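Colleague: The structure follows.
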Amino acid sequence: MVPTGVKPRPLLGAEAGGTGRARPRLHWVLRHAGCRASRGTSWGRCPASQRCSHSGRCGCWGAARSGAPFLTTCPTGRASTTTHDSSHRFESAGKSDTRASRTVRAPTKALGFGPPRVIVHARRNDVARKGRAPTVARPFNQQRGSLMFHPWRLAFLAAWASLSIAQAQPASVGQWTPVQKWPYSAVHTHVLPTGKVMFFSEFGDGDTPTLWDPQTNVLTTLPKAGFNIFCAGHAFMPDGRLLVAGGHITNDSGLPYAAIFDPFKLTWTRLPNMNAGRWYPTVTTLPNGDMLVIGGAKEDTTKNLIPQVWQTSKNSWRNLTGASLELMYYPWMFVTSTGKTLMAGYWKPARYLDTNGTGAWTSGPRTNYARSRNAGSAVMYDDGKVLITGGDNPPTNNVEVLDLNAAKPAWRTVRPMRYVRRQHNSTVLPDGTVLVTGGHSGPGTDNPNFPRLETELWNPVTEQWSVLAPASAYRGYHSTTVLLPDGRVLSAGSRYVKTMQVFSPPYLFNGPRPTITSAPASIAYGETFRVNTPEAASITMASWVRLGSVTHAFDENQRFMKLRFTASGGGLNVVAPPNPNVAPPGHYMLFLLNAKKVPSVAKIIRIGGGGTTPPPTDPPPNPGFTAVAFGSEWKYDDRNVDPGSAWTSSGFSDASWKKGPAQLGYGETDEATVLKKTTPAQPTVYFRRKFTVHGMVEQATLQVIHDDGVAVFLNGTQVFSKYVGSTAHSAYASGTASDNTLSQTTVSGARFVMGENTLAVMVKQANATSSDLSFDLELKVTTDGMQHDALFMESPNGGETLRPGNVQMLQWMTHGAGVDNVRVEFSPDDGANWTLVDQGVPNIDFYEWTVPNTVTSKGVLRISDASRPDIDDRTDLPFTISRTPQFQAIAFGEYWKFDDSNVNPDMQWTSVNFDDDAWRSGPAKLGYGDGDEHTVLNKTTPLQPSVYFRKKLTLGEAIRTAKLRVLHDDGVAIWVNGKLVYSRYADNGLGHGTFASRVLKDAVISTARFDGSAFVVGENIIAVMVKQANAESSDVAFDLELNLEAK
1 MVPTGVKPRP
11 LLGAEAGGTG
21 RARPRLHWVL
31 RHAGCRASRG
41 TSWGRCPASQ
51 RCSHSGRCGC
61 WGAARSGAPF
71 LTTCPTGRAS
81 TTTHDSSHRF
91 ESAGKSDTRA
101 SRTVRAPTKA
111 LGFGPPRVIV
121 HARRNDVARK
131 GRAPTVARPF
141 NQQRGSLMFH
151 PWRLAFLAAW
161 ASLSIAQAQP
171 ASVGQWTPVQ
181 KWPYSAVHTH
191 VLPTGKVMFF
201 SEFGDGDTPT
211 LWDPQTNVLT
221 TLPKAGFNIF
231 CAGHAFMPDG
241 RLLVAGGHIT
251 NDSGLPYAAI
261 FDPFKLTWTR
271 LPNMNAGRWY
281 PTVTTLPNGD
291 MLVIGGAKED
301 TTKNLIPQVW
311 QTSKNSWRNL
321 TGASLELMYY
331 PWMFVTSTGK
341 TLMAGYWKPA
351 RYLDTNGTGA
361 WTSGPRTNYA
371 RSRNAGSAVM
381 YDDGKVLITG
391 GDNPPTNNVE
401 VLDLNAAKPA
411 WRTVRPMRYV
421 RRQHNSTVLP
431 DGTVLVTGGH
441 SGPGTDNPNF
451 PRLETELWNP
461 VTEQWSVLAP
471 ASAYRGYHST
481 TVLLPDGRVL
491 SAGSRYVKTM
501 QVFSPPYLFN
511 GPRPTITSAP
521 ASIAYGETFR
531 VNTPEAASIT
541 MASWVRLGSV
551 THAFDENQRF
561 MKLRFTASGG
571 GLNVVAPPNP
581 NVAPPGHYML
591 FLLNAKKVPS
601 VAKIIRIGGG
611 GTTPPPTDPP
621 PNPGFTAVAF
631 GSEWKYDDRN
641 VDPGSAWTSS
651 GFSDASWKKG
661 PAQLGYGETD
671 EATVLKKTTP
681 AQPTVYFRRK
691 FTVHGMVEQA
701 TLQVIHDDGV
711 AVFLNGTQVF
721 SKYVGSTAHS
731 AYASGTASDN
741 TLSQTTVSGA
751 RFVMGENTLA
761 VMVKQANATS
771 SDLSFDLELK
781 VTTDGMQHDA
791 LFMESPNGGE
801 TLRPGNVQML
811 QWMTHGAGVD
821 NVRVEFSPDD
831 GANWTLVDQG
841 VPNIDFYEWT
851 VPNTVTSKGV
861 LRISDASRPD
871 IDDRTDLPFT
881 ISRTPQFQAI
891 AFGEYWKFDD
901 SNVNPDMQWT
911 SVNFDDDAWR
921 SGPAKLGYGD
931 GDEHTVLNKT
941 TPLQPSVYFR
951 KKLTLGEAIR
961 TAKLRVLHDD
971 GVAIWVNGKL
981 VYSRYADNGL
991 GHGTFASRVL
1001 KDAVISTARF
1011 DGSAFVVGEN
1021 IIAVMVKQAN
1031 AESSDVAFDL
1041 ELNLEAK
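Residues in the sequence shown are numbered from 1 upward in steps of one, following UniProt numbering.
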């Protein structure tokens, strides 16, 4: 902080060697796998998704040939390079240019920088080479997950990309500590009743409980739970112990285990197994002290429909069979003042769950946002009040609130966040504000290419957002954020990111803190209890925040409320919450705040009773799961045609086969899928199903329902048969089975492979006059319990049509933590011959591939570990590469630059050369007023007549004709490279201040065709103006699709 009375020295402008007429913009040119130029954008310009919004400035840094970091500064697109010497001074290293040259003092000590460990070279005129990840030199010991956003590099970006915030006082924007390494990624984080923090990690490191002391910064390894607790749900019980339910077998496959962690003894106790596995469940503390466990996926990857209640006093599970419902992962659950639990906001309809008896659901209010909020965040920010933010894919910045205290609760859309986000965290602070951290603004599950480093704060009184100091590290999927007892906020984790950072909100810089000299350790509901403080006369708020227990962008334990109090002598008489419906039993942090909203260090107080300690159970068995469940979906061939000898192999293509759920057959009344019955009866019907295992299989049990004969093959090898004398297609069964005969066998683990496996089954009729046939199968496997490295291709995965020269995003999933770099290969003939695309690609789960000039209908891609080629995966089915002249250049839902400031832009705003660096960006649909926007635009007062949009499009060939579909409300005008190609309801003129010529009740989609003469080979600009109908218009909307035909 700058001492009182000292004027901060300007870092830019006339005093720094500039002209003094305009502040320069900063453009980062960091060139590495995680910072790629958007289409048609050079490395000298800042990607829109990473542009700092503060005062229109953005920044970037790289390293000169000498290895010294440099910062590129340019007033209006003119670049110079600055180097960093030992005195932390930046000075021009480029051409002499008084407009571009700057001298800047870098706050390296405050940011915790060390000497550079990564050498990255970049220049302004570097152009992104599509199809190849930029080369990055890094030391052998650099931590996995930090390749793209190494902490000290991101600290630099965060500080210099927004100088107006970096220079601001911490009392206005807060302050982040330097990034600190941790041994594991904190994917599940819990503030314990002792004030310390326990966290555990992901994938193979799931069972790694670790204790962190915020006061001493000491880490301690804790005892293990005994099973993989990654992807479990958790919340605190009334006595302060932590219930952890479910766990990880593989993606979408959960363990049925549950355990309790005692934070006072630092021990684990296993509970009886749940009704089935749960992967991504939510745990909620109920008013009576029991624990609700809901949602998640079972061992066989199907959803667990039946909620359960852990009865704390009885040490047993109770199934809520009357509340069977398929839910999203990690549903957002909150206890309401009626004692019911609210499932809020993730889907449009909210629901209330009554956990009494066998349970029952009732309908709740519907959200206004039209789509799913997958990967958004929710928090109960006050008594009975819920805030939901962001989410969706692509992300939105939409925000809604629900007041359950209202006579008729209804969701209400409020001012949007400044930035679109998903995979972010929401944390309620002691003053009742809500801190939003991390996430990303790009498409996909986890996209570090579009990090949201900016921190936002929501004020529930004004319902306004403010932007605080940016973080120094990307925190997206698998990140966690919790409020600490001292009022700071811990932000940690992200997929494969083993670091943390602590944020001090602005209130910690606004003067002396109140102190709590004494308070009771436990209280009863409705009790008036004594809190001693020497600042009693200055206290204006007593707040009550439940301890945090966070994973996957949702705190399953946190809630906030204000407590009534009166000052008396040297302390306060505070009134406890009236009942457990408004404050479920357990431990809370009590904060006292003064008139400046400066909080005390919290006193952790327990309210309500607790259950008895469950008895210890036997050690957990080896991880087992149902790989294929009865009732699963199967591919089948009932045409009475011999499929050939290869039909049992994994590589056989069953794309033309039909599919349906088991039981499959005919002649009975219990079939879920009725098969074709031929005359005479076909001798053989064929079935196939793929499944995945990630560990080494030790043993397996197979049960099969069949009528009549059956033979089962695993990865091409027969593992079981009954009543099958010959496997020839024309051969009938050698015996007759009664209806739905159930046979069982064990299967050797040696028959399995790690990764994808294939079951192939033939069922044979007894004779040509047989009247019925039936089939179903269950396969249970037990693995070695270890998380082995594996790669799984997700996109493209077969059936797509690609165009030569276009850039295709390759996406895959990684299991385990040992795959640092991957090799990418392409085959035009379904795997017969392979061509290297790239090797040594950083394993960030995606890669931009330039489609080759090869026409084929049998294209496949393969990814493999760069050092272990046996760890690989390929597209399941071939894709097509075609030179057909028609192609889609812009799809609905893509990202656009936009200007919603109600300021008339430069008259050249429709041209390629216009500088739109200061414009914001977001995915379509863009607008406001309808509730279904991905990106909510600013609604000005007075209402802006015009809103502007721009998008760059790079073409490799001349265009003959174009067809566009544009969604608009109200008027619209579209330019290509400055040429007006279409307008509708813009008859009043195209000036900024003119309104549309027609009022539309709702958005419409207009279609237009035009010749392609306006397009050029190379970089093009699509510019769009959307006009409001009048100054009272309530909504605006825009999206666009563009299809082109090449010459």
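Virtual Cβ for every residue (Gly too), placed ideally from N, Cα, C. Since the model is a prediction, treat every value here as computed from it, not as a measurement.
#1: Quick one: Cα of R883 to Cα of L325, how far?
#2: Checking 7 Å against the spacing of the C-beta atoms, do V1017 and D969 come in under that value?
#3: Touching or not, the segment 248–266 and the segment 588–595, by the rule of three or more beta carbon pairs under 8 Å?
#4: Count the other C-beta atoms from every protein chain shown that fall within 10 angstroms of the C-beta of V674, then say buried if there are 16 or more, exposed otherwise.
#5: Using C-beta distances below 7 Å, list every residue in its chain close to T727, excluding the 5 sequence neighbours before and after it, in chain order.
#6: From D252 to T856, what distance separates their C-alpha atoms?
#7: Mind reading off the beta-carbon distance from S491 to R475? Whole number of angstroms is fine, and I expect it under 8 Å.
#8: Taking only the alpha-carbon atoms, compute the straight-line gap between T433 and R371 and give it to the nearest angstrom.
#9: From what residue to what residue does the alpha helix (DSSP H) around A171 run?
#10: Would you give the residue range spanned by the beta strand (DSSP E) that E527 belongs to?
#11: Counting beta carbon pairs with one atom in the segment 562–580 and one in the segment 510–525, are three or more of them shorter than 8 Å?
#12: Of the residues S494, V467, T745, which one's Cα is nearest the Cα of T480?
#13: When DSSP labels each residue in this structure, what does T727 get in the three-state scheme?
#14: Would you list the one or two residues that DSSP bridges to D872?
#15: Quick check: what's the CA-CA separation for Q888 versus Y507?
#16: Nearest to P331 by CA position, among L353, F1038, V1004, is which residue?
#17: Can you check which of these residues, Q699, T745, L791, E800, is closest to F752 by C-alpha distance?
#18: What span of residues does the beta strand (DSSP E) with I844 cover, start to end?
#19: With a 10 Å radius around its C-beta and 16 neighbouring C-beta atoms as the bar for buried, classify V127 as buried or exposed.
#20: Under the three-state reduction of DSSP, which class applies to P506: helix, strand or coil?
#21: Leaving aside the five residues before and after P620 along the sequence, list all residues of the same chain whose C-beta is less than 8 Å from its C-beta, in chain order.
#22: May I have the straight-line CA-CA distance separating T250 from F691, to the nearest angstrom?
#23: Under the three-state reduction of DSSP, which class applies to W849: helix, strand or coil?
#24: Kindly indicate which residue of T875, P505, T194 has the alpha-carbon position closest to the one of G548.
#25: V981 and F1010: beta carbons closer than 7 Å?
#26: Give the DSSP bridge partners of S377, in chain order.
#27: Evaluate T396 with the Cβ neighbour count: other Cβ atoms within 10 Å of its Cβ, from every protein chain shown; 16 or more gives buried, anything less gives exposed.
#28: Ignoring anything shorter than 4 residues, give me the alpha helix (DSSP H) runs that lie fully in the segment 397–467, in order along the chain.
#29: Spell out the partners DSSP gives P923 in its beta bridges.
#30: Note down, one range per segment and in chain order, each alpha helix (DSSP H) of at least 4 residues found wholly within the segment 797–839.
#31: Pull up the distance between the alpha-carbon of D900 and that of N938, whole angstroms please.
#32: Beta carbon of C231, beta carbon of Y280: below 7 Å?
#33: Given a cut-off of 7 Å, decide if Q703 and Q744 are closer than it, judged by their beta-carbon atoms.
#34: For the beta strand (DSSP E) containing Q311, list its first residue and its last residue.
#35: Just to confirm, is the Cβ distance from G840 to A790 under 7 Å?
#36: Assuming S522 and I605 form a contact by the criterion Cβ under 8 Å, report the distance between their Cβ atoms to the nearest whole angstrom.
Modeller: Concretely, from the data shown:
#1: As a first step, residue 883 is located in the sequence shown; it is residue number 883 there, counting from the start. As a first step, residue 325 is located in the sequence shown; it is residue number 325 there, counting from the start. About 47 Å.
#2: For the purposes of this step, residue 1017 is identified with residue 1017 of the sequence shown, where counting begins at 1. For the purposes of this step, residue 969 is identified with residue 969 of the sequence shown, where counting begins at 1. Not closer than 7 Å, so no.
#3: Counting C-beta pairs closer than 8 Å gives fewer than three between the segment 248–266 and the segment 588–595, which falls short of the contact rule.
#4: Walking along the sequence shown from the start, residue 674 turns up at place 674. The residue in question, V674, is exposed, as its Cβ has fewer than 16 Cβ neighbours within 10 Å.
#5: Working through the sequence shown from its first residue, we reach residue 727 at position 727. Closer than 7 Å at the Cβ level, and outside the excluded window around T727, lie A711, M762.
#6: The residue labelled residue 252 in the question sits at position 252 within the sequence shown. The residue labelled residue 856 in the question sits at position 856 within the sequence shown. Those two C-alpha atoms are separated by around 34 Å.
#7: Against the sequence shown, residue 491 aligns to sequence position 491. Against the sequence shown, residue 475 aligns to sequence position 475. About 6 Å; that satisfies the 8 Å criterion.
#8: Within the sequence shown, residue 433 is the residue found at index 433, counting from 1. Within the sequence shown, residue 371 is the residue found at index 371, counting from 1. Approximately 26 Å between the Cα atoms of the pair.
#9: Counted from its first residue, the sequence shown places residue 171 at position 171. Unbroken alpha helix (DSSP H) run through A171: 170–173.
#10: Locating residue 527 in the sequence shown gives position 527, counting from the first residue. First-last for E527: undefined, no H or E at that position.
#11: Under the 8 Å Cβ criterion, the segment 510–525 counts as touching the segment 562–580, having at least three qualifying pairs.
#12: To locate residue 480, count along the sequence shown from 1; it is residue 480. For T480, the nearest C-alpha among the options comes from S494.
#13: Translated into positions along the sequence shown, residue 727 becomes position 727. Residue state, collapsed to three classes: coil.
#14: As a working mapping, residue 872 is identified with position 872 in the sequence shown. For D872, the pairing in a beta bridge is given by DSSP as S864.
#15: For this step, residue 888 is matched to residue 888 along the sequence shown. For this step, residue 507 is matched to residue 507 along the sequence shown. Taking the Cα positions, Q888 is about 51 Å away from Y507.
#16: Numbered from its first residue, the sequence shown carries residue 331 at position 331. Measuring from the Cα of P331, the nearest candidate turns out to be L353.
#17: Here residue 752 corresponds to residue number 752 of the sequence shown, with the count starting at 1. Checked all of Q699, T745, L791, E800; the closest Cα to F752 is Q699.
#18: Looking up residue 844 in the sequence shown gives position 844. Careful: I844 lies outside any beta strand (DSSP E) and carries neither H nor E.
#19: By one-based count along the sequence shown, residue 127 stands at place 127. With a pLDDT of 32 at V127, under the threshold of 50, the modelled position of this residue cannot be trusted; read the value that follows with caution. Here V127 is exposed, its C-beta having fewer than 16 other C-beta atoms within 10 Å.
#20: Here residue 506 refers to the residue found at position 506 when the sequence shown is read from its first residue. Helix, per DSSP.
#21: Locating residue 620 in the sequence shown gives position 620, counting from the first residue. Reliability fails at P620, whose pLDDT of 43 lies under 50, so the model's placement of it is uncertain and the value that follows must be treated cautiously. Within the same chain, Cβ atoms closer than 8 Å to the Cβ of P620 are found at G226, F227, Y257, R270, the five residues on either side in sequence being excluded.
#22: If you number the sequence shown from 1, residue 250 lands on position 250. If you number the sequence shown from 1, residue 691 lands on position 691. Cα-Cα distance, rounded: 11 Å.
#23: Sequence index remark: in the sequence shown, residue 849 carries index 849 (1-based). Here W849 sits in strand by DSSP.
#24: As a first step, residue 548 must be located in the sequence shown, where it is residue number 548. Nearest neighbour of G548 by Cα position, chosen from T875, P505, T194, turns out to be T194.
#25: Walking along the sequence shown from the start, residue 981 turns up at place 981. Walking along the sequence shown from the start, residue 1010 turns up at place 1010. Yes, the pair counts as a contact, with Cβ atoms nearer than the cut-off.
#26: Numbered from 1 along the sequence shown, position 377 holds the residue referred to as residue 377. Its beta-bridge partners are T389.
#27: For this step, residue 396 is matched to residue 396 along the sequence shown. Counting of Cβ neighbours within 10 angstroms places T396 among the buried residues, the total reaching 16 or more.
#28: Qualifying alpha helix (DSSP H) stretches: none in this window.
#29: Residue numbering aside, residue 923 sits at position 923 when the sequence shown is read from its first letter. For P923, which the question treats as bridged, DSSP gives the partners Y895.
#30: Here no run is fully enclosed.
#31: Here residue 900 is taken as the residue at index 900 of the sequence shown, counted from 1. Here residue 938 is taken as the residue at index 938 of the sequence shown, counted from 1. Cα-Cα distance, rounded: 6 Å.
#32: The residue you call residue 231 lines up with position 231 of the sequence shown. The residue you call residue 280 lines up with position 280 of the sequence shown. Annotated as proximal: C231 and Y280, with beta-carbon spacing under 7 Å.
#33: As a position in the sequence shown, residue 744 is number 744, starting the count at 1. As a position in the sequence shown, residue 703 is number 703, starting the count at 1. Contact flag set, yes.
#34: Counted from its first residue, the sequence shown places residue 311 at position 311. 308–311 is the span of the beta strand (DSSP E), which, as asked, contains Q311.
#35: As a working note, residue 840 is residue 840 in the sequence shown. As a working note, residue 790 is residue 790 in the sequence shown. For G840 and A790, no; Cβs fall outside 7 Å.
#36: Taking the sequence shown and counting its residues from 1, one reaches residue 522 at position 522. Taking the sequence shown and counting its residues from 1, one reaches residue 605 at position 605. The Cβ separation is near 7 Å, so the contact holds.
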